[in-house]
Structure formats: C-alpha cells, structure tokens
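Data block below; observations after.
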Amino acid sequence: ALSNNLSLDQLYHEFAIDPVAQMTTGEFERCVKWLMIESGKPWLGLEFGTLNITQFGILGALAGTARSLYEALQIGEQYHMLLHPLIGLSVTFEENEIIARYSVDGEIPSLPFYADAFMSGFFTWYTYFTGKSLSSIVKTISFRHDEPAYSQRYQDLFECKILFNQTFDEITLKSVNLESPLQTSSPLVHSDLKQQASQNRKEMENFSEVIKRII
Numbered sequence: 187a188l189s190n191n192l193s194l195d196q197l198y199h200e201f202a203i204d205p206v207a208q209m210t211t212g213e214f215e216r217c218v219k220w221l222m223i224e225s226g227k228p229w230l231g232l233e234f235g236t237l238n239i240t241q242f243g244i245l246g247a248l249a250g251t252a253r254s255l256y257e258a259l260q261i262g263e264q265y266h267m268l269l270h271p272l273i274g275l276s277v278t279f280e281e282n283e284i285i286a287r288y289s290v291d292g293e294i295p296s297l298p299f300y301a302d303a304f305m306s307g308f309f310t311w312y313t314y315f316t317g318k319s320l321s322s323i324v325k326t327i328s329f330r331h332d333e334p335a336y337s338q339r340y341q342d343l344f345e346c347k348i349l350f351n352q353t354f355d356e357i358t359l360k361s362v363n364l365e366s367p368l369q370t371s372s373p374l375v376h377s378d379l380k381q382q383a384s385q386n387r388k389e390m391e392n393f394s395e396v397i398k399r400i401i
C-alpha cells in the first residue's frame with residue numbers, strides 16, 4: 187500500500203484490521219482486492235512475487251539457507267503452509283524437465299493474484315539463490331485463469347511461452363543440476379531455522395486437526 191501511495195489508515199478502517207494480529211485468509215483476500223482496485227493494478231500479484239525473499243518470513247529464510255536447489259524445493263513442499271494455509275507446491279522431476287505446480291489444500295483461491303505471485307516469486311527466488319536468471323531454462327508457464335487485458339506484462343516479465351485457461355498453474359523447466367549449492371546456503375542457520383519452522387508447522391497442523399474434528 188505504501189509503495190503505491192495508498193493510505194494505510196483507510197485500509198485499516200475499511201476492513202477493521204488489527205495491525206498487530208494475524209489476518210484470516212478472507213481478510214487477506216479482501217485487502218488484496220482493495221489494493222488492486224485502489225492502485226489500478228490488476229496485475230499486482232506479479233509485482234508481489236518480485237519482493238525480496240526476506241519479506242516472506244521464516245519460509246524465505248529457510249529455503250534461502252538450504253544446501254541446494256533440490257533441498258530448497260523440498261522446503262517449499264514441506265513448509266508451504268507457513269506462508270499461506272491454502273497455497274501449496276508440488277514438484278515433479280522427470281528425465282528432461284522439472285514441473286513445479288502451484289497447488290492448494292482444500293478450496294482453490296479465486297484470485298489470479300496467488301498464481302501470479304507464485305510464478306513471479308519462483309523467478310525471484312531462483313535468481314536470489316543462484317545469481318542467475320531463470321528465463322534461460324523455462325519451457326512454459328501455464329495459468330488456470332483466462333488471458334487478461336494486461337497479458338503483455340506476463341511476457342515482459344517471464345520472457346517465455348505463456349499459456350492461459352489451462353488445467354493447472356505450473357511452470358515447466360529444462361532439467362538442471364539440482365545439487366548445485368545455493369550462494370545463500372548456511373547450514374548452521376538453516377538447522378536452527380528448521381527447528382523453529384517445524385515447531386510452527388506442528389502448531390498449525392494440530393490446530394487444523396482440531397477444526398476438522400469440530401466440523
């Protein structure tokens with residue numbers, strides 16, 4: 187909101203947000219819709235994904251300190267709920283390609299914002315981890331949502347083949363050396379972060395099970 191010269195007071199007032207409390211997923215989606223309208227940027231998800239990974243809390247730090255690309259992808263699969271309880275990540279390794287699919291547990295969020303942020307975030311994180319551009323190894327990027335009026339922004343950002351109205355939100359990459367060490371790797375810090383992340387995940391999973399039993 188601040189980077190788009192929007193009033194935080196208006197945001198807090200309109201949605202009765204407690205600035206020191208955690209938000210529900212419903213509150214978050216309402217805020218995202220407000221930001222898209224007030225900023226005049228329906229492509230806001232693409233910008234959101236380009237944020238530095240340190241702004242993604244413990245998940246960003248945990249993935250960034252991993253030993254290799256393979257371990258970072260595993261972190262994404264195992265601890266995705268620490269970023270958002272409805273967003274997931276599944277990675278398939280085939281002989282000549284890697285498919286990273288944006289997935290969810292339960293209801294699929296309706297906003298293209300999530301898939302847009304996931305895809306642009308994938309590019310940002312890869313560059314942060316390796317110091318290289320992901321564009322050279324991307325085959326295609328697929329989105330479930332229809333092609334928007336601002337589709338050229340996708341092309342300008344990703345510089346690869348973009349498909350809309352597909353079955354899944356996914357990115358297909360050429361096979362790479364997944365054991366390549368990350369330039370941000372830090373085994374000692376990673377070990378400490380993993381203990382905290384595991385505890386946070388356990389607390390979230392236990393809470394989820396209680397809610398499921400009540401329902």
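Anchor point for the sequence shown: position 113 equals 299 in the working numbering, and the numbering is continuous, going up by one each time.
Here a beta-carbon is modelled for each residue, glycine too, at the ideal position from N, C-alpha and C.
Since we're looking at a predicted model, the values are computed, not measured.
Kindly list the residues whose CB is nearer than 7 Å to the CB of residue i, restricted to its own chain and excluding five residues on each side of it in sequence; keep chain order.
| i | result |
| --- | --- |
| leucine 343 | Leu232, Ser306 |
| glutamate 263 | Leu275, Ser276, Val277 |
| tyrosine 198 | Pro205 |
| alanine 187 | Leu194, Leu197, Leu221 |
| valine 375 | Thr251 |
| arginine 387 | Tyr265, Met267, Leu268 |
Applying the criterion that 16 or more other CB atoms from any shown protein chain within 10 Å of the CB defines a buried residue, is residue i buried or exposed?
| i | result |
| --- | --- |
| leucine 230 | buried |
| alanine 249 | buried |
| proline 373 | exposed |
| isoleucine 223 | exposed |
| tyrosine 336 | exposed |
| glycine 226 | exposed |
| alanine 202 | exposed |
| isoleucine 239 | buried |
| aspartate 378 | exposed |
| glycine 246 | buried |
| isoleucine 273 | buried |
| glycine 317 | exposed |
| alanine 207 | exposed |
| isoleucine 284 | buried |
| glycine 243 | exposed |
| isoleucine 261 | buried |
| aspartate 355 | buried |
| glycine 292 | With a pLDDT of 49 at glycine 292, under the threshold of 50, the modelled position of that residue is not reliable, and the figure given next carries that caveat. Result: exposed. |
With a threshold of 6 Å on Cβ separation, who are the neighbours of residue i within its own chain once the five nearest residues in sequence on each side are excluded?
| i | result |
| --- | --- |
| alanine 286 | Val277, Ile357 |
| phenylalanine 309 | Leu320 |
| glutamate 345 | Ser321 |
| phenylalanine 304 | Tyr288 |
| phenylalanine 299 | Val218, Gly231 |
| lysine 347 | Thr326 |
According to DSSP, what are the bridge partners of residue i?
| i | result |
| --- | --- |
| alanine 286 | Val277, Ile357 |
| proline 367 | Ser254 |
Whose C-beta lies closer than 8 Å to the C-beta of residue i among residues of the same chain, with five residues either side of it excluded?
| i | result |
| --- | --- |
| leucine 349 | Thr326, Ile327, Ser328, Phe329 |
| methionine 390 | Met267, Leu268, Pro271 |
| threonine 370 | Gly250, Thr251, Tyr314, Phe315 |
| asparagine 282 | Lys360, Ser361 |
| glycine 235 | Asp302, Ala303, Phe304, Met305, Ser306, Gly307, Phe308, Phe309, Thr310 |
| serine 366 | Ser254, Leu255, Thr316 |
| arginine 339 | Trp229, Leu232 |
| arginine 216 | Phe201 |
| glutamine 382 | Ile244 |
Query raised in the report: Is it true that the stretch 252-266 meets the stretch 205-224, where meeting means three or more beta-carbon pairs spaced less than 8 Å apart?
Result: no
Report task. Pick out the complete beta strand (DSSP E) segments inside the stretch 311-363, 3 residues or longer, and give them in chain order. Result -> 324-328, 347-349, 355-360
Requested in this report: Enumerate, from N- to C-terminal direction, the unbroken alpha helix (DSSP H) stretches of 4 or more residues contained entirely within the stretch 190-244.
Outcome: Every alpha helix (DSSP H) of 4 residues or more that sits fully in the stretch 190-244 is shown, in chain order, as 194-201, 211-225, 230-234.
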